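Structure first, then comments.
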Amino acid sequence: MTAIALGFGLFAWWNLLRVRLELTTEMIVMVNPWGTQRLPWSRVSPVSLGSWGAQFHTTDGFKYTAYALSDLAAGTRQEERFADVQRIAEAQLRRGHLL
-1 MTAIALGFGL FAWWNLLRVR LELTTEMIVM VNPWGTQRLP WSRVSPVSLG
49 SWGAQFHTTD GFKYTAYALS DLAAGTRQEE RFADVQRIAE AQLRRGHLL
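Note that the numbering used here numbers the sequence shown so that position 48 is 46, with each residue one more than the last.
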């Protein structure tokens, strides 16, 4: 019975806390194992690739890491996923500077 409860708990944890990165036209949503950060594009300056995933640097000097591009996330290689993120980020940042 304990093994079933443990299995169910791990399954729930995996589904509820699965790392992901959502890029909308207004905001970046980073769901990491210990919390969710919402960052408006207007606060983002450069975007870089760090050891643990995409790093969104803000205009006030802070840095937010999206672990969805690290080895915690399954799928394609980190560099390939980051190339897509960087392309979207550059387009968003250019769009923001034109206003």
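Every residue gets a Cβ at the ideal spot worked out from N, C-alpha and C, and that includes glycine.
Computed from a predicted model, the values in this text were never measured in an experiment.
Leaving out five residues before and five after residue i in sequence, what residues of the same chain have Cβ atoms less than 6 Å from its Cβ?
i, result
"Leu47", "Phe80"
"Val83", "Ala52"
"His55", "Ser43, Pro44 and Lys61"
"Ser49", "none"
Among the options, which has the Cα closest to the Cα of residue i?
i, options, result
"Asp58", "Ile2, Leu91, Val42 and Glu24", "Val42"
"Leu37", "Leu21, Phe6 and Gly51", "Leu21"
"Ala87", "Val17, Thr23 and Ile2", "Thr23"
If you follow the beta strand (DSSP E) that residue i is in, where does it begin and where does it stop?
i, result
"Arg36", "Gly33 to Pro38"
"Glu20", "Arg18 to Leu21"
"Met25", "Met25 to Asn30"
"Leu67", "Leu67 -> no beta strand (DSSP E), and no H or E assigned at all."
"Ser49", "Careful: Ser49 lies outside any beta strand (DSSP E) and carries neither H nor E."
Given a cut-off of 8 Å, decide if residue j and residue i are closer than it, judged by their beta-carbon atoms.
i, j, result
"Gln90", "Tyr62", "no"
"Tyr65", "Pro44", "no"
"Met25", "Leu19", "no"
"Trp39", "Gly94", "yes"
Just to confirm my understanding: we take residue i, look at its own chain, exclude 5 residues before and 5 after, and list those with CB closer than 7 Å. What are they?
i, result
"Leu97", "Its pLDDT being 38, under 50, Leu97 is placed unreliably by the model, and nothing is read from it."
Quick one: residues in its chain with C-beta nearer than 8 Å to the C-beta of residue i, no 5 flanking neighbours on either side, listed in chain order?
i, result
"Arg16", "Val29"
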